[in-house]
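Each step along the sequence shown adds one to the number in the working numbering, with nothing skipped, and position 24 is 27. Each residue gets a CB set at the ideal place from its N, CA and C atoms; glycine is no exception. Quick caveat: nothing in here was measured; it's all calculated off a predicted structure. Below is one structure, written out as structure tokens, with a few remarks after it.
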Amino acid sequence: MVHVIGGGLAGSEAAWQAAALGVPVVIHEMRPVRATAVHKTDRLAELVCSNSFRSSKGVCRSK
């Protein structure tokens, strides 16, 4: 049995690939119990944009 933490794009893909090979899978997902501002649905594999990798001002500038 494989336990996948998170039902986002990567977690859903990993679970799907394992299940396709016949491996029992359990997905552990915080939603719909706990929602965040970036989530619009309670479904798995939702594409979200959180901007968690934003650059600091002045760090990435073109010349």
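Checklist entry - Roughly how many angstroms lie between the CA atoms of residue 39 and residue 25, to the nearest whole one? => result As a working note, residue 39 is residue 36 in the sequence shown. As a working note, residue 25 is residue 22 in the sequence shown. C-alpha separation (whole angstroms): 33 Å.
Next on the checklist: Per DSSP, what are the beta-bridge partners of residue 28 in this structure?
Outcome noted: As a position in the sequence shown, residue 28 is number 25, starting the count at 1. In the DSSP output, where bridge partners are listed per residue, residue 28 has 5.
Item to check | Element boundaries [alpha helix (DSSP H), containing residue 12] | outcome: As a first step, residue 12 is located in the sequence shown; it is residue number 9 there, counting from the start. Segment 12-23, the alpha helix (DSSP H) holding residue 12.
Checklist entry - If we ignore side chains and look at the alpha-carbon of each, how far apart do residue 5 and residue 45 end up? => result Residue 5 sits at position 2 when you count from the first residue of the sequence shown. Residue 45 sits at position 42 when you count from the first residue of the sequence shown. The alpha-carbon atoms of residue 5 and residue 45 are separated by roughly 22 Å.
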